[in-house]
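There are 2 protein chains.
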Amino acid sequence: MGRAPSIDDDALLARLSEVFRHHGYEGASLTALSSASGLHRASLYHRFPSGKPGMAVAVLESVEAAFGDILEPLKSEADPAVAVAEMARRLGEFYADGRLSCVLDTMTLLGAPDDIRARAAGLATGWLAAMAAVARRSGASKAEAERRAGDALVRIEGSLVLARVLDDPAEFRLTLAELPRALVG
Amino acid sequence: MGRAPSIDDDALLARLSEVFRHHGYEGASLTALSSASGLHRASLYHRFPSGKPGMAVAVLESVEAAFGDILEPLKSEADPAVAVAEMARRLGEFYADGRLSCVLDTMTLLGAPDDIRARAAGLATGWLAAMAAVARRSGASKAEAERRAGDALVRIEGSLVLARVLDDPAEFRLTLAELPRALVG
DNA sequence: GTCTATATTTGGATAGAC
DNA sequence: GTCTATCCAAATATAGAC
Chain U
1 MGRAPSIDDD ALLARLSEVF RHHGYEGASL TALSSASGLH RASLYHRFPS GKPGMAVAVL
61 ESVEAAFGDI LEPLKSEADP AVAVAEMARR LGEFYADGRL SCVLDTMTLL GAPDDIRARA
121 AGLATGWLAA MAAVARRSGA SKAEAERRAG DALVRIEGSL VLARVLDDPA EFRLTLAELP
181 RALVG
Chain Y
1 MGRAPSIDDD ALLARLSEVF RHHGYEGASL TALSSASGLH RASLYHRFPS GKPGMAVAVL
61 ESVEAAFGDI LEPLKSEADP AVAVAEMARR LGEFYADGRL SCVLDTMTLL GAPDDIRARA
121 AGLATGWLAA MAAVARRSGA SKAEAERRAG DALVRIEGSL VLARVLDDPA EFRLTLAELP
181 RALVG
């Protein structure tokens, strides 16, 4: 068996993810990815033979996996309001209380590879569907459930932008707090 | 008098602005800025001796000027609901029906110069103040007016993110349509 | 699996002709 | 004011030692 990696895959992806989320795809330089991960450039290429595009795909895959967990309460929890409150709690963690931007925002600027942008769109669509489903379960019509899901995602993404621009997590916290009311209230 | 420029300042800023809004600060390469403006790199440096940072400042100044016009109805129009509807109409134009991202979003990623990020924060603060003022004028308390203004900006920025991610302006249009209700309803 | 060293390309910036 | 030509630094990527 080969040598053990100096940083395991999960920790590595977490570091790379932060760089992509802070700088966007084009702004995430190999130098920044290298210093954030503690691995030299060549080592990153060993882990990701397809280079920066491959790292970005891996980051998005890890985000998809994270959302599998974040959205899980929407399916397993019987009470829709409790389910949404728990999703909100997990979102607060995932976005580090507003200090971390969303890949849906930063990795979808022009210049990112098409497969990255397509994957981000799919992630957004799945998130919308999961939120619409819990809204339906709470009694909303199909159209109303979809409207609430869209509104919820709009608020989450917008409040994350404001948190970054103003360097103040207030709007993000407020959005999370009001998520149960907005979605299943 | 010197030779006439092949592209006037307003048109030039508009082209550069599109590149920064689509790619973000770090992603806006001189090559992209050059081909978007039709000017070769050296000509861009003639117009902007301080290079890319200077171009970004000029773009933000032009956006500030544009917002002077976008927010003008909030001050001049007597009826708050009419004022907000007219602001919404001008926002729809400014964001090209959701096809153009917001500089508050794309130019505030890590890697943008500090003065750019500070200027963006100031722009956001001014916009919030103008919207809070019109909400107040419509009868809301100070706290309620500020809440509505924050909510409005959150929705605008978030719906622009969704418009880009999903390549669908629906949420952005909906946000603009509901802006009078959200702000002064 | 990680490193040093190096190749290659792109990005940012300047000099000087027209 | 714009251009061609050029320079330098940074970014992406690879080769090969350990």
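Which chain is which? The protein sequence lines are U and Y, in order. Residues in the first sequence are numbered from 1 upward in steps of one, following full-length UniProt numbering. Residues in the second sequence are numbered from 1 upward in steps of one, following full-length UniProt numbering. Positions of the beta carbon are idealized from the N, C-alpha and C atoms, including for glycine. None of the values given here were measured: they were computed from a predicted structure.
How far does the alpha helix (DSSP H) with residue 147 of chain U in it extend, from its first residue to its last?
Counting along the chain, the alpha helix (DSSP H) containing residue 147 of chain U begins and ends at 142 to 166.
Determine the contact status of residue 104 of chain Y and residue 120 of chain Y, defining contact as a CB-CB distance below 7 Å.
With contacts defined by Cβ atoms closer than 7 Å, residue 104 of chain Y and residue 120 of chain Y form a contacting pair.
Using a cut-off of 7 Å between C-beta atoms, extract the partners of residue 109 of chain Y located in chain U.
Correct list: 22, 23, 24, 27, 106.
Completely contained beta strand (DSSP E) runs for the UniProt domain "HTH tetR-type" (6 to 66) of chain U, where each covers 3 or more residues:
Counting whole runs of 3 or more residues, the UniProt domain "HTH tetR-type" (6 to 66) of chain U contains no beta strand (DSSP E) stretch at all.
Could you check the C-alpha separation between residue 75 of chain U and residue 64 of chain U for me, to the nearest Å?
Cα to Cα, the separation comes out at about 16 Å.
For the segment 141 to 159 of chain Y, enumerate the residues whose C-beta is nearer than 9 Å to any C-beta of chain U, in chain order.
Within the segment 141 to 159 of chain Y, the residues whose Cβ lies closer than 9 Å to some Cβ of chain U are 147, 150, 151, 153, 154, 155, 156, 157, 158, 159, listed in chain order.
Distance check for residue 175 of chain Y and residue 167 of chain Y, CA to CA, integer angstroms please.
Cα-Cα distance, rounded: 16 Å.
Candidates Y:170, Y:42, Y:40, Y:7: which alpha carbon is nearest residue 99 of chain Y's?
The residue with the shortest Cα to Cα distance from residue 99 of chain Y is Y:170.
Host alpha helix (DSSP H) of residue 120 of chain U (start-end):
First-last of the alpha helix (DSSP H) with residue 120 of chain U: 114 to 137.
Is it right to say residue 82 of chain U is buried, meaning 16 or more other beta carbons lie within 10 angstroms of its own, or is it exposed?
Burial call: exposed.
Would you mind telling me which residues of chain Y sit closer than 8 Å to residue 162 of chain U, beta carbon to beta carbon, in chain order?
Taking a Cβ-Cβ cut-off of 8 Å, the neighbours of residue 162 of chain U in chain Y comprise 124, 150, 153, 154, 157, given in sequence order.
Which same chain residues, not among the five before or five after residue 130 of chain U, have their C-beta less than 6 Å away from its C-beta?
Answer for residue 130 of chain U: 71, 74, listed in chain order.
List, in order along the chain, the chain Y residues whose C-beta lies closer than 7 Å to that of residue 166 of chain U?
Result: 121, 124.
Using 8 Å as the threshold, is the segment 142 to 150 of chain U in touch with the segment 48 to 65 of chain U, meaning 3 or more CB pairs across them?
Using a C-beta cut-off of 8 Å, the segment 142 to 150 of chain U makes no contact with the segment 48 to 65 of chain U, since fewer than three inter-stretch Cβ pairs fall below that distance.
Where residue 23 of chain U falls, given that 16 or more other Cβ within 10 Å makes a residue buried:
Residue 23 of chain U is buried by the Cβ-count criterion.
Taking the CB atoms as reference points, tell me whether residue 12 of chain U and residue 33 of chain U lie closer together than 7 Å.
Not in contact: residue 12 of chain U and residue 33 of chain U (Cβ atoms no closer than 7 Å).
Which residues does DSSP pair with residue 110 of chain Y in a beta bridge?
DSSP lists Y:112 as partners of residue 110 of chain Y.
How would you write the range of the alpha helix (DSSP H) that residue 89 of chain Y sits in, first residue to last?
Where residue 89 of chain Y is concerned, the enclosing alpha helix (DSSP H) stretches over 80 to 94.
Using the beta-carbon count (16 or more within 10 Å), is residue 31 of chain Y buried or exposed?
Exposed, by the Cβ-count rule.
Determine, for residue 18 of chain Y, whether the minimum Cβ-Cβ distance to residues of chain U falls below 7 Å.
Any Cβ of chain U closer than 7 Å to the Cβ of residue 18 of chain Y would place that residue at the interface, and such an atom is absent.
For residue 147 of chain U and residue 182 of chain U, which I take to be in contact (beta-carbon distance under 8 Å), what is that distance rounded to the nearest angstrom?
With 8 Å as the limit, residue 147 of chain U and residue 182 of chain U do not qualify as a contact, their Cβ atoms being about 10 Å apart.
Quick check: the Cα distance between residue 135 of chain U and residue 125 of chain U, rounded to an integer number of angstroms?
As the crow flies, the alpha-carbon of residue 135 of chain U is around 15 Å from that of residue 125 of chain U.
With a cut-off of 7 Å, does the C-beta of residue 77 of chain U fall near any C-beta of chain Y?
No, because no Cβ of chain Y sits closer than 7 Å to the Cβ of residue 77 of chain U.
For residue 94 of chain U, which residues of its own chain have a beta-carbon under 7 Å away from its beta-carbon, when the five flanking residues on both sides are left out?
Contacts found: 66, 70.
Any C-beta of chain Y under 7 Å from that of residue 171 of chain U
Interface residue, yes.
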